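2 protein chains.
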Amino acid sequence: MRIEEAIKQNKPFSSEFQKAIVNLVYTASWWNQVATRLLRPFGISQEQYNILRILRGMGDQPATIKTLTERMLDNNSNASRLVEKLKKKALVERLECPMDRRRVDITITAKGLQLLDETASIMDGNIHSNFAHLTEEESLQLNELLDKMRG
Amino acid sequence: MRIEEAIKQNKPFSSEFQKAIVNLVYTASWWNQVATRLLRPFGISQEQYNILRILRGMGDQPATIKTLTERMLDNNSNASRLVEKLKKKALVERLECPMDRRRVDITITAKGLQLLDETASIMDGNIHSNFAHLTEEESLQLNELLDKMRG
DNA sequence: CAACATTCAATGTATAGACATATATTTGCA
DNA sequence: TGCAAATATATGTCTATACATTGAATGTTG
Numbered sequence: 124m125r126i127e128e129a130i131k132q133n134k135p136f137s138s139e140f141q142k143a144i145v146n147l148v149y150t151a152s153w154w155n156q157v158a159t160r161l162l163r164p165f166g167i168s169q170e171q172y173n174i175l176r177i178l179r180g181m182g183d184q185p186a187t188i189k190t191l192t193e194r195m196l197d198n199n200s201n202a203s204r205l206v207e208k209l210k211k212k213a214l215v216e217r218l219e220c221p222m223d224r225r226r227v228d229i230t231i232t233a234k235g236l237q238l239l240d241e242t243a244s245i246m247d248g249n250i251h252s253n254f255a256h257l258t259e260e261e262s263l264q265l266n267e268l269l270d271k272m273r274g
Numbered sequence: 124m125r126i127e128e129a130i131k132q133n134k135p136f137s138s139e140f141q142k143a144i145v146n147l148v149y150t151a152s153w154w155n156q157v158a159t160r161l162l163r164p165f166g167i168s169q170e171q172y173n174i175l176r177i178l179r180g181m182g183d184q185p186a187t188i189k190t191l192t193e194r195m196l197d198n199n200s201n202a203s204r205l206v207e208k209l210k211k212k213a214l215v216e217r218l219e220c221p222m223d224r225r226r227v228d229i230t231i232t233a234k235g236l237q238l239l240d241e242t243a244s245i246m247d248g249n250i251h252s253n254f255a256h257l258t259e260e261e262s263l264q265l266n267e268l269l270d271k272m273r274g
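Protein sequences, first through last, are from chains G and H. Taking my numbering, the leading residue of the first sequence gets 124, the next gets one more, and so forth. Taking my numbering, the leading residue of the second sequence gets 124, the next gets one more, and so forth.
Below you can see the structure in the form of structure tokens.
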């Protein structure tokens, strides 16, 4: 569905660029809803999921809050509080960093890794089959345009 | 900056499509931050701004909460509460619909229209000059890809 | 027309983002 | 060394999304 129909806009946009901004926000919101629903059965939010993925990507190396903040998609989000919630679910561990007591070393637990495994087919496989209305070539174009848009 | 650098991802994405999903969320978050900062001096949030724009677009016709919900970019957002906040700022009016007392007719006030006028140069003009790293042709492509992505 | 279903809006509760501020620790340098 | 600046994290407060539920008004149908 074209963006104009999606938001029932009858007047034309003042430019393709203006439309692209609206389309970007709308499409991100659309995706957000999809992802939220996919993750709901696992009891975690997209943001918490994202943190678990980053932690797994660190391998043996622990992450600090700072590291997470830098790598999170929304880097104004509050890594401290998200980590706190993950800790309550025993999905991550938090240890005072011995080198620098200001820091906190965060690692994913076995339970956290297991949860990621359980989400894999839905979050990786299914997405591609159910939502991949773009070919690889189109996805590549989209990536280039989004990168360019941010300047 | 390419998305991999932006989120300091060292491992390659499993596919261009997976990367596009991450890029979409990241770029929307980037835009969200830009817009939030642009609107902050005017004392309204992006969502409230969006509602004002929809109301202005209605012309003389009033909008109901339902109408707003349908047209909002994030249609899970809570139009009732956003309207309530706009009303407190005297930017909109809310009247019981005489035809159907379940409904509420919402209209933008003169003050609301004035606020939109004040934001115009920043939200319309400036965006294009400061953030339009895309040409019209590229914006068009982006629109097509985003529309296609949603299926 | 009465009973039931549907629609519209509001609200309760959980999660998260935006931003300022607080607190502890470390660094740097006079 | 001592003290100010910088850094890392946590927290307070406002705003907003996600979703279930409530309650009033209206539609529908036997």
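Yeah, the Cβ is synthetic: ideal placement off N, Cα and C, and Gly gets one too. Since we're looking at a predicted model, the values are computed, not measured.
Check the C-beta distance from residue i over to residue j and give it rounded, since I have them as a contact under 8 angstroms.
i	j	result
Lys131 of chain G	Glu193 of chain H	6 angstroms
Arg224 of chain G	Val206 of chain G	Contact flag wrong, Cβ pair sits at about 17 angstroms.
Thr190 of chain H	Cys220 of chain H	With 8 angstroms as the limit, Thr190 of chain H and Cys220 of chain H do not qualify as a contact, their Cβ atoms being about 11 angstroms apart.
His256 of chain H	Lys271 of chain G	6 angstroms
Ser262 of chain G	Glu260 of chain H	About 19 angstroms; that fails the 8 angstroms criterion.
Val215 of chain G	Thr232 of chain G	6 angstroms
Have a look at residue i and residue j and give me their C-alpha separation to the nearest angstrom.
i	j	result
Lys210 of chain G	Arg163 of chain G	18 angstroms
Ile229 of chain G	Leu236 of chain H	49 angstroms
Leu239 of chain H	Trp153 of chain G	26 angstroms
Arg176 of chain H	Leu265 of chain H	23 angstroms
Gln156 of chain H	Glu170 of chain H	13 angstroms
Ala158 of chain G	Val148 of chain H	11 angstroms
Met124 of chain G	Val227 of chain G	46 angstroms
Pro185 of chain G	Ile250 of chain G	29 angstroms
In chain H, what lies closer than 9 angstroms to residue i by C-beta?
i	result
Met272 of chain G	Thr150, Trp153, Trp154, Phe254, Ala255, His256, Leu257, Glu261, Ser262 and Leu265
Leu147 of chain G	Leu147, Thr150, Ala151, Trp154, Leu265 and Leu269
Ile231 of chain G	Those within 9 angstroms of Ile231 of chain G in chain H number zero; the least Cβ separation is about 16 angstroms.
Just to make sure I have the definition right: I need the residues of chain H whose C-beta is within less than 7 angstroms of the C-beta of residue i. Which are they?
i	result
Ala143 of chain G	Leu257, Ser262, Leu265 and Asn266
Helix, strand or coil for residue i, going by three-state DSSP, please let me know.
i	result
Leu268 of chain G	helix
Thr230 of chain G	strand
Leu175 of chain H	helix
Ala151 of chain H	helix
Leu218 of chain G	strand
Ala255 of chain H	coil
Ala186 of chain H	strand
Arg225 of chain H	coil
Gln156 of chain G	helix
Ile245 of chain H	helix
Asp240 of chain H	helix
Ala202 of chain G	helix
Pro164 of chain H	helix
Lys142 of chain G	helix
Gly274 of chain G	coil
Gln132 of chain G	coil
So with CB distances below 7 angstroms, who are the chain G contacts of residue i?
i	result
Lys134 of chain H	Gly180
Glu241 of chain H	Here the premise fails: no neighbours, minimum Cβ distance about 18 angstroms.
Phe140 of chain H	His251, Ala255, Leu257, Glu259 and Ser262
For a test of your reading of the model: does the CB of residue i fall under 7 angstroms from any non-hydrogen atom of the ligand ADP? Yes or no.
i	result
Leu269 of chain G	In the structure on display, the ligand ADP does not appear, and there are no ligands present to speak of.
Starting from the beta carbon of residue i, find every residue of chain G whose beta carbon is closer than 8 angstroms, and list them in chain order.
i	result
Ser137 of chain H	Asp247
Ile126 of chain H	Asn266, Leu269 and Asp270
Can you name the residues of chain G whose CB is closer than 9 angstroms to the CB of residue i?
i	result
Ile130 of chain H	Ile177, Glu193, Arg194, Met195, Leu196 and Asn198
Original post:
Closer than 7 angstroms, Cβ to any Cβ of chain G: which residues of the stretch 188-221 of chain H, in chain order?
Top reply: Glu193, Arg194, Leu196, Asp197 and Asn199
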